[in-house]
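Visitor: Okay, handing you the structure first.
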């Protein structure tokens with residue numbers, strides 16, 4: 020059973036599709052505001068729910084990081100079937116998966132927001148290296164306090180499933196190794212106010228991308244969930260201009276949502 024607000028979303032628009040991916044323990048709602056802006060500009064937008072997210076934290080005990088990638092890949096192929104080109108983007112772990120997909124599949128452009136990479140992997144608490152085994156003894160790890168100004172309606176699990184942390188580490192290793200194979204135009208977004216993912220991570224992503232065209236965009240006052248932060252209007256405008264520069268929309272959008280909730 021889905022948590023309220025954890026539904027996937029879709030907007031039907033022109034012949035350019037945008038795949039938007041949410042973060043670890045999160046839900047599609049956290050990237051939906053970006054999708055609404057892109058849809059209004061004429062893009063076909065899809066925000067899938069990654070496997071074992073948006074239900075119960077216990078469901079993530081069964082997760083493998085390739086399950087999350089497979090969920091994203093299903094969305095990618097759905098857009099490829101309906102659109103002439105596809106842009107991929109995501110928040111936090113969703114950005115990691117977006118970059119991983121872009122390293123292996125044709126995309127018009129890729130963007131990541133607040134995404135960790137190898138520096139985060141290297142700086143994790145030493146116990147995380149044994150999360151796969153420790154998770155049987157300590158199933159959950161508490162989350163910290165929300166960032167100042169965080170959306171009170173944010174949809175996510177209230178604790179980390181420890182066994183899934185081991186899978187997150189596997190994903191970070193695979194995506195870090197894949198960065199040089201990313202050739203599409205890339206945008207790396209991060210906030211200096213992000214206390215969860217240090218600034219060394221976007222720098223690592225930017226420096227290791229194989230893309231000939233790449234850009235970094237820094238926010239100053241937002242927390243980790245930049246799509247819900249005080250600078251979101253500035254963020255959405257920058258993402259829209261980036262996508263328009265590399266994958267123009269073909270026609271006005273006709274929003275069609277898979278959920279009755281408004282973005």
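Numbering (my numbering), first residue to last: 20 to 282.
For every residue, glycine included, the Cβ atom is placed at its ideal position computed from N, Cα and C.
Treat the numbers as computed from the prediction; the structure is a model and nothing was measured.
1) I'd like the ranges of any alpha helix (DSSP H) spanning at least 4 consecutive residues and lying wholly in the stretch 30-106.
2) Would you please state the rounded distance, in angstroms, between the beta carbons of residue 182 and residue 215? I believe it to be under 8 Å.
3) Leaving out five residues on either side along the sequence, give the residues of the same chain with a beta carbon under 7 Å from the beta carbon of residue 232.
4) Please classify residue 226 as buried or exposed, where buried requires at least 16 neighbouring CB atoms within 10 angstroms.
5) Can you have a look at residue 186 and say buried or exposed, based on whether 16 or more other CB atoms are within 10 angstroms of its CB?
6) Quick check on the DSSP output: the beta strand (DSSP E) that includes residue 132 runs from which residue to which?
7) Given a cut-off of 8 Å on the beta-carbon distance, is the pair residue 105 and residue 95 in contact?
8) May I ask you to report which of helix, strand or coil DSSP gives residue 21?
9) Give every residue of the same chain whose Cβ lies closer than 6 Å to the Cβ of residue 254, excluding the five residues on either side of it in the sequence, and list them in chain order.
10) Considering Cα atoms alone, identify which of 180, 125, 224 is closest to residue 45.
11) Return the Cβ separation of residue 47 and residue 28 in integer angstroms, given the expectation that the two are a contact with Cβ distance under 8 Å.
12) Can you tell which of 127, 141, 161, 30 has the C-alpha that lies nearest to the C-alpha of residue 262?
13) So, helix, strand or coil for residue 155, using DSSP?
14) To the nearest angstrom, how far is it from the Cα of residue 206 to the Cα of residue 236?
15) By the 10 Å Cβ neighbour count, where 16 or more other Cβ atoms means buried, how is residue 135 classified, buried or exposed?
16) Please look up how many angstroms separate the CB atoms of residue 151 and residue 50, rounded, as I've assumed it's under 8 Å.
17) On the three-state DSSP scale, how would you describe residue 147?
18) Taking the alpha carbon of residue 20 as the reference point, which residue from 74, 62, 41 has its own alpha carbon closest?
Guide: In this structure, then:
1) 51-59, 84-101
2) Contact flag wrong, Cβ pair sits at about 20 Å.
3) 204
4) exposed
5) buried
6) 128-132
7) Yes, the pair counts as a contact, with Cβ atoms nearer than the cut-off.
8) coil
9) Excluding positions up to five away in sequence, the list reads 245.
10) Comparing Cα positions, the closest option is 180.
11) 6 Å
12) 127
13) coil
14) 7 Å
15) buried
16) About 28 Å; that fails the 8 Å criterion.
17) The answer is helix: DSSP assigns residue 147 an H, G or I state.
18) 74
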